[in-house]
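Number of protein chains: 2
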Amino acid sequence: MRVIAMNEQLVGVARGNAPADLLLRDGWILDLFSGTFFRGDVAVKDGIIVGFGASAAREVINLDGAWLIPGLIDAHMHIESSQLTPAEFARAVLPHGTTTVMADPHEIANVLGLVGIRYMLDATEGLPLRVFFMVPSCVPATPLETSGAELSATEISEALSWERVIGLGEVMNFPGVIEADPALHAKLAAARGRPIDGHAPGLSGPDLWAYTLSGPRTDHECTTLAEAQEKLRAGMHILIREGTTSRNLNSLLPLLTEHSAPFVHFCTDDRHPKTLLNEGHMDDLVRKAISGGISPEMAIAASTLHTARAYGLPDLGAIAPGYRADLLVISDLDTLKVAKVYVDGRLVAEDGCCTVDLPHHAAAGVSGTMQVDLERLSFRIPSGRGAARAIGVIPDQAMTEDRRVEPLIETGEVISDLEQDLLKLAVVERHRGTGNIGLGLVQGFGLKRGALASTVAHDSHNVVVVGTNDVDMRAAVAALVDMGGGQVVVEDEQVLASLPLHIAGLISDRPLAVVAEKARELDRAARSLGCVLPAAFMTLSFLALPVIPSLKLTDRGLVDVDRFEIVDLFVSE
Amino acid sequence: MRVIAMNEQLVGVARGNAPADLLLRDGWILDLFSGTFFRGDVAVKDGIIVGFGASAAREVINLDGAWLIPGLIDAHMHIESSQLTPAEFARAVLPHGTTTVMADPHEIANVLGLVGIRYMLDATEGLPLRVFFMVPSCVPATPLETSGAELSATEISEALSWERVIGLGEVMNFPGVIEADPALHAKLAAARGRPIDGHAPGLSGPDLWAYTLSGPRTDHECTTLAEAQEKLRAGMHILIREGTTSRNLNSLLPLLTEHSAPFVHFCTDDRHPKTLLNEGHMDDLVRKAISGGISPEMAIAASTLHTARAYGLPDLGAIAPGYRADLLVISDLDTLKVAKVYVDGRLVAEDGCCTVDLPHHAAAGVSGTMQVDLERLSFRIPSGRGAARAIGVIPDQAMTEDRRVEPLIETGEVISDLEQDLLKLAVVERHRGTGNIGLGLVQGFGLKRGALASTVAHDSHNVVVVGTNDVDMRAAVAALVDMGGGQVVVEDEQVLASLPLHIAGLISDRPLAVVAEKARELDRAARSLGCVLPAAFMTLSFLALPVIPSLKLTDRGLVDVDRFEIVDLFVSE
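As you go down the protein sequences, you meet chains H and V in turn.
Heads up: the first sequence begins at 1 in our numbering, then just goes up one per residue.
Heads up: the second sequence begins at 1 in our numbering, then just goes up one per residue.
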């Protein structure tokens, strides 16, 4: 149940034979084992809680009756979604009381494979934020696209041998699981005995049983209470997610009862810079749970001790001797106002600000990921017979409609049609220099001029570009090649706004405030070109994701997601 | 969170493509993840629960609305206390719904070391009872006695590498822990990252913090609610014990709340044959908890899923796909009437009887443990000056009083004094043929004739013998040598009653009913000699246990437990 070695020094401090490093005095301490607060002290030595008192301490902090709770744990998330380096992510979330995250480096692994995972490990080494990793199970996500890397069971086994890599990341290919795909099952076997995260939206009945049987024991994709109840009954831990796009907390909160508490956790999955800045991180989920009627004791348990136990981390998530001193001083319990954050007994954030220097990690080996030959780049779409398929975007959703349209034809080519809001969309392969380009039409952006392009394009993160004309589309891709990846708005071959993401084309090296401001600039610039979507770049990033219905575009072409195959632009009758 | 490999066949059965082995239909199924019963079916294939239904099954059992719950798990126990072989123990407890035990082979390890542990592993192989082992941490229990073996950190590491050995057994030497004894800490280090059971009666405050810091994370020695509450707050899982002698369930039941449930479990520790026969096993604890006001859902959770999680057994303790099909059909929930017991999906007990053949395991290497040279055996106690120490027994307690008496002297020797009820007591070393004998006086047996002797004598299990005269004491020891160990009542050199325990001097190879009957015969015979104690052999077995106050006797001599040293029989002023 625990891993810390006995330490003579700690024992001596516990017994009062030597001074503690830190004594937090006179607070309301959360005892999660009985679900109660008690008035008392907590002593820390070498980053470990040694007891509820000390004979002496190098530093004494009077809590004056403030609450003391364990640091919050995010059960499932992707650091890449913040577009921040791990250090900047830590700087952003520590003040919100998040001290541990289970990170699935799925995005960077799709670009860089083990090199990307290794970068995330190196870049989280020595951070005051505790980052554990789940090895991505689905790289590439589908055979219908070109990713930057492939992770087979062999690579997964290797990554599982690395420190802080604790399990297998969300197994999204649930059809492969229940139809006994051998390569996927080899991955499940490689992770046997470790935590395995599931991802099985809507799976139910016999298929759900077959899925849980095969290994995955969590799910963070429930959108209705009934779905969550069925999965819980099938033995899955339910991770209640409150991300930027997917927000399930309100619907799922009734699942969290005193009986289910050990099996229900909180996670952010994907939080974008704007959400981090405006709404916070794990504190936001706990706060919402409390205001939704869950007792503070239970809401905190759900995001601390029970999560730690579920992921096999025996010395995290509680305030008791032998646990790591990841502690939050809370000045108002009902609104979960985080006054101070301690990690390993060290003050790392106070009053909303990170108070420690964070190690800088060079992005060697993870930049220069733009293998695009601009000379060969062509957005030309030859005309065809009959109706064409168009991707119909739905604002703020990853799902699209598969529409039938009559495209505008000029000199034997399909061109963007502003009247019908039918724009050219392209996905340009950027990892291997294959020259692959997928071309299609998209309806719903409302652009009247220029082009938008992004290297954040789930899950393979090729370049996705939408535009009113080929010249600006080319200019947008060229700008991204120049920046080493990122997001850009172009008009008349001029860059109006850009967010460089030179780490894997996914991550900036600037602080949250800068990244969020640049994202706002991108949105403003897109709107200035006529864009009507509330979050144009988020919508754009999902257009290349062929696991979510109905019509998507990859570097291999248009994907009919329901049939899970490449289809022609023109519908042959 | 789980260890079972994906299995194509299981997935196929879950999805209805192939028939299940067993379908339990139309019961009230306990869903421990939400703490509710639901009406439904459970399908089993290859011993694994595959889902809540099946398209077809080789065998269909209609539950007719009976309750279906997971098999009960004993969190801490010693099989040797039952005086039964593992197979006979399984036969005894399976009908009571116990399907898994965490066994600490502390007694046999004190006699035979790793050979004894190996025997327990071999003898539990292939049993329908699932037996996991905790390696005994305290062999020998003290340096004040001669045990049959010693287990250092090296032996403990070896045993920890064996299958089904999951952690370190109760760390009784708590002074050694908190005073940083290097040999003990080497043992704790060997078990790092594994479950480590504690044993710290009365430990509190800084000493308790120092103890839990060092590794032990459970305690089954709490006798008061306040003690249990303090230990729970210090992060220890509390095992509520209801054994033959130590019965803590009534006192500790208020500890079990919906908040504490994941951290509070049930255990039997030591249940003697009579208790097994008359009161049952884990069903008895759950039944008492329910009649004590705990909901059946929580009482069952405490002795199934939460215990399994605490001991790192991810596929036990719940009814859900992927869990082992250890299932109890309960015909009356409030009285926990166990109608049928399934282990690995196989019916193993029904209506109070074990219904399967159990593998027989030869007791090779664990008999012949009586290394006593009867020629050299002498119970002569030379007279001394002044008052003598006498062990004052307290009926039904392991604790004794340290009394001062004037012994009866005859021709320069101390002899048993029936008038004062001051009898000779001897502990004869039996493991190594050292010829060691400890001699002393005991008050409270009330014997008027004959002698009682036993090779069950905690914790080193040397021969303990009490008698009214040396001749019968010798005859009693000789009878035990003949039997290869056991318990015996002798009068006028004739054996009046005996229970042979030829396996390590601790275990019979007969069934429970026979062993319990022989134990009754021993008690009757002891009473016929004047014995006034309600459980003479239990009292006798604790007289050699030098970790429980106040005065005890080992093969090295009288032990003043408070001073933790050997003392003379005669008090020198």
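Using N, Cα and C, we set each Cβ at its ideal position, and we do this for glycine too.
Please look up how many angstroms separate the CB atoms of L529 (chain H) and K448 (chain H), rounded, as I've assumed it's under 8 Å.
6 Å
Let me make sure I understand the geometry here. Which of H:I117, H:G97, H:A426, H:L112 has the alpha-carbon closest to that of D104 (chain H)?
H:I117
Check the DSSP bridge columns for G40 (chain H) and list the partner residues they point to.
H:G27
Counting only the same chain and skipping the five closest in sequence on each side, list residues whose C-beta sits under 7 Å from that of I507 (chain H).
E80, Q83, L84, T85, L501
What are the boundary residues of the beta strand (DSSP E) that T400 (chain V) is part of?
Unbroken beta strand (DSSP E) run through T400 (chain V): 400-405.
How many Å lie between G280 (chain V) and T268 (chain H) at the Cα?
48 Å
Should D396 (chain H) go down as buried or exposed, given a rule of 16 or more other Cβ atoms within 10 Å for buried?
exposed
So, under 8 Å CB-CB, A451 (chain V) and V464 (chain V) are touching, yes? Tell me the CB distance rounded to an integer number of Å.
About 11 Å separates the beta carbon of A451 (chain V) from that of V464 (chain V), a gap too long to meet the 8 Å contact definition.
Under a three-way DSSP split, which group does N7 (chain H) fall into?
coil
Specify, as a first and last residue, the run of the alpha helix (DSSP H) that P175 (chain H) falls within.
174-178
Does the beta carbon of M6 (chain V) come closer than 9 Å to any beta carbon on chain H?
Model confidence at M6 (chain V) stands at a pLDDT of 48, short of 50, so the residue's coordinates are unreliable; what they give is reported in the following sentence. At least one chain H Cβ lies under 9 Å of M6 (chain V).
Answer with yes or no whether the minimum CB distance from R15 (chain H) to chain V is below 9 Å.
yes
Please determine, among H:P175, H:L558, H:E406, the residue with the shortest C-alpha to C-alpha distance to A388 (chain H).
Closest option to A388 (chain H), Cα to Cα, is H:E406.
Please classify I4 (chain V) as buried or exposed, where buried requires at least 16 other C-beta atoms within 10 Å of its C-beta.
In this prediction, I4 (chain V) scores a pLDDT of 43, lower than 50, which makes its location untrustworthy; no coordinate-derived value is stated.
Chain V partners of L232 (chain H), CB-CB under 7 Å?
F33, S34
Assuming F263 (chain H) and I240 (chain H) form a contact by the criterion Cβ under 8 Å, report the distance between their Cβ atoms to the nearest whole angstrom.
That pair is no contact at about 11 Å.
Where do the N-terminal and C-terminal ends of the beta strand (DSSP E) with I290 (chain H) fall, by residue?
If you look at I290 (chain H), you'll find it isn't in any beta strand (DSSP E); it sits in the alpha helix (DSSP H) that goes 282-291.
Residues of chain H with CB under 8 Å from Q229 (chain V), in chain order?
Near Q229 (chain V) (Cβ distances below 8 Å), the residues of chain H are S34.
Nearest chain H C-beta to L213 (chain V) closer than 9 Å, yes or no?
yes
For G486 (chain V), does the count of other Cβ atoms within 10 angstroms reach 16, so buried, or fall short, so exposed?
buried
What residue does the alpha helix (DSSP H) around Q229 (chain V) start on, and which one ends it?
225-233
Using a Cβ-Cβ distance under 9 Å, would R2 (chain H) count as near chain V?
Note that R2 (chain H) scores a pLDDT of 39, beneath 50, so its modelled location is shaky and nothing firm can be said.
Looking at the secondary structure, which residues open and close the beta strand (DSSP E) in which V514 (chain H) lies?
It is not in any beta strand (DSSP E) - V514 (chain H) instead sits in the alpha helix (DSSP H) that spans 512-528.
Would you kindly report the start and end of the unbroken beta strand (DSSP E) that includes K448 (chain V)?
Taken as a continuous stretch (DSSP letters only), K448 (chain V) belongs to no beta strand (DSSP E), as it is neither H nor E.
So who's on the other strand from N62 (chain H), going by DSSP bridges?
H:R25
Exposed or buried, A54 (chain H), counting other C-beta atoms within 10 Å across all chains shown (16 or more means buried)?
That one is buried.
Hey, T539 (chain H) and G444 (chain H): beta-carbon distance below 9 Å or not?
Closer than 9 Å, so yes.
Let me see if you follow: with CB-CB separation under 9 Å, is D21 (chain H) close to chain V or not?
no
Rounded to whole angstroms, what's the CA-CA distance from V13 (chain V) to L213 (chain H)? Just pull it up for me.
11 Å
Applying a beta-carbon distance threshold of less than 9 Å, which residues of chain V neighbour I178 (chain H)?
In chain order: V11, A14, R15.
Mapping the DSSP letters down to three states, classify L68 (chain H) as helix, strand or coil.
strand
Would you say P296 (chain H) faces chain V, with C-beta separation under 9 Å as the test?
The C-beta of P296 (chain H) comes no closer than 9 Å to any C-beta of chain V.
Tell me the rounded alpha-carbon separation between G243 (chain H) and A109 (chain H).
Here the alpha carbon of G243 (chain H) sits roughly 21 Å from the alpha carbon of A109 (chain H).
Could you give the DSSP three-state label for I330 (chain H): helix, strand or coil?
Look at I330 (chain H) here: in three-state DSSP terms it is strand.
For S251 (chain V), which option in V:V135, V:T224, V:E429 has the closest C-alpha, if you only look at C-alpha atoms?
V:T224
Going by the DSSP bridge assignment, what does T89 (chain V) pair with across the sheet?
Per the sequence presented here, residue 89 (chain V) reads as Phe, with Thr not at that position. Beta-bridge pairing links F89 (chain V) to no other residue.
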